[in-house]
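One structure below.
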Amino acid sequence: MTRAELTRRLRRRVGRDPLLRAIREAAAGTGVELWLVGGTVRDTALGRPVEDVDLACGRPAARLIARLERDLGRRGFRFRRRGVTTWRFDVRGRRVDVVDAGWRGIERDLARRELTVNAIAFDLARNRILDPLRGLADLRAGLLRLPHQRVMREDPVRALRLARFLAQLPRFRPHRAAHAAAREIAGRLRRAAAERLREELDKLLVAADPVRGLEALERLELLPHALPELLPLRDCVAGEDRPDVWRHTLDAIGQSARPLRVPGRESLRQPGSLLVLRWSLLLHDIAKPETLGHKPDGRPTFHGHEELGGRRADTVLRRLRAPRELRRRVQRLVRFHLRPGHLADAGAPERGLRRLVREAAEDLPLLLVHAACDARASEARVARGRWARLRTALASLHRLYEATRGDSVKPLVDGRDVMERLGIPPGPRVGQLLADLEERQLEGTVRTREDALAYLDGVRASC
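In this note's numbering, the protein residues as written are 10 to 472.
Given below as structure tokens:
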């Protein structure tokens, strides 16, 4: 990629992108200098898709922001971090960040960035490349190099970002100075804002090669400070002739990065689903070290690790200030991740399949993918028969999910009926009985209110 080639690519991108054209015209109308920077330029050079837009502007920034707010039809959210003022616009699902570089100049602004490959600018008015730190040469060499040694000391989260770039850019390698600088400041990650840590971890997990990024967290000694809850997995046996739980976790995530031919894979096209899957795979065995026991023959057991793991996963994501919806979905997948395998081993009974479809609800397709990734990472040394049984159960679950999706049944009785009929107080037992009745309605064995009351009478008589 030469400077001339990159210039042509950026001119074409700006010309074809209505949002970029609008931004360029706004800058021209105000006379304020404006540069495309950061990931926008880097990913254009690499031929990668570009959605979000990174910009740096000259003086007076306020004039440009006022014009953008008018032309884009929305206000910019202003924030300041480490002495740098940024305005953020959300435009039809795309994020536009405009950094005020006026008081220090564009070259000093580029020098403050974390890597030289992110320190290339494209002047929107003059259609020219500015590359004072030889970032284009590093792009050609596949090298992640620091502009100077201070950048990670100035912002320790940049060490985590280095691991994220290794996950996103598989053919790139870190310069030895970048590697050393990240390890040097690893301990300072504990003082970083939880939201910023999670943002980098989110991007790492949905990248093309998440395992490479997670292995980089280990090599750079960032794991104890970013995800300390996962450290016990490295020393916990996973089973006879099998790797430790940490290696199994990485293998399961690696399976999710391969082409998947399993039921439910289409759910990964839905926004946010890949992030839910990768977080759930990362955390699905988090409670194994706490639940480790042994059979008389010495083989390990982990009774209840899925239930405890759901709670532990929620704790980790709460610490990282994850959105409630992400926490809820990840916790559900962790709690249910063993169920498809258990159903397969039990011969895939219809009633058990229906119950799991009902309880997993809209996350059933993701659960099928999760179960497949977990099994493929676990069963490499086991006969193919178990994998074949699991595939059959996954297909049955998916067919049942598709057949019943959108179905709903009107309850024939409510909690008051249950408590009065059985003479029991409010509590989990009431909910369990109502769930059983709903399942029987879906099966067709309970059709009327009289049938439901008769079922409750039978339960009372058996107590």
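The beta-carbon is built from N, C-alpha and C at its ideal position, and this holds for glycine as well.
The structure displayed is predicted, hence computed values, not measured ones.
Item	Value
Residue interval of the alpha helix (DSSP H) (run including residue 243)	Counting along the chain, residue 243 falls outside any alpha helix (DSSP H), and DSSP gives it neither H nor E.
Three-state secondary structure assigned by DSSP to residue 74	helix
Contact check, residue 160 vs residue 105, beta carbons under 8 Å	no
Beta-carbon spacing of residue 342, residue 306 below 8 Å	no
Where residue 262 falls: helix, strand or coil (DSSP)	helix
Inter-residue spacing [alpha-carbon to alpha-carbon] between residue 170 and residue 226	10 Å
Runs of alpha helix (DSSP H) wholly within the region 357-429 (minimum 4 residues, chain order)	359-369, 373-387 and 393-413
For residue 326, the nearest candidate out of 285, 362, 67 and 23 (CA to CA)	285
Within-8 Å CB hit, residue 327 to chain B	In the structure shown, chain B does not exist; there is a single protein chain.
Residue closest to residue 138, alpha-carbon to alpha-carbon, out of 200, 54, 427 and 287	54
Inter-stretch contact (C-beta, 8 Å, three-pair minimum) for the region 285-303 and the region 376-383	yes
Bounding residues of the alpha helix (DSSP H) (the contiguous stretch that carries residue 16)	12-25
Coil, strand or helix - residue 80 by DSSP	helix
DSSP-derived helix/strand/coil call for residue 196	helix
Residues bridged to residue 106 [DSSP beta-bridge criterion]	63 and 97
Rounded distance between the beta-carbons of residue 182 and residue 155, thought under 8 Å	About 14 Å; that fails the 8 Å criterion.
Where residue 441 falls, given that 16 or more other Cβ within 10 Å makes a residue buried	exposed
Segment limits, beta strand (DSSP E) that includes residue 130	130-132
Three or more C-beta pairs below 8 Å linking the region 18-32 and the region 45-60	yes
For residue 137, the first and last residue of its enclosing alpha helix (DSSP H)	Careful: residue 137 lies outside any alpha helix (DSSP H), inside the beta strand (DSSP E) at 137-139.
Beta strand (DSSP E) segments (min. 3 residues) lying fully within the region 32-58	43-45
Proximity winner among 385, 460 and 401, relative to residue 420 (alpha-carbon distances)	460
Residue 116 to residue 141 span [Cα, whole Å]	7 Å
Stretch pair the region 11-27 + the region 80-95: three plus CB contacts closer than 8 Å	no
Sheet register partners of residue 152 (DSSP bridge)	182
Inter-stretch contact (C-beta, 8 Å, three-pair minimum) for the region 351-364 and the region 399-418	yes
Beta-carbon contacts of residue 301 that lie in its chain and below 7 Å, excluding the five residues immediately before and after	245, 309 and 311
The region 250-270 touching the region 192-207, judged by at least three CB pairs closer than 8 Å	no
Member of 97, 82, 80 and 81 whose CA lies at the smallest distance from the CA of residue 88	97
Where residue 234 falls, given that 16 or more other Cβ within 10 Å makes a residue buried	buried
Exposure label - residue 196; buried when at least 16 CB within 10 Å	exposed
Own chain residues within Cβ distance below 6 Å of residue 202, not counting five before or after	none
Burial state of residue 112, where buried means 16 or more other Cβ atoms lie within 10 Å	exposed
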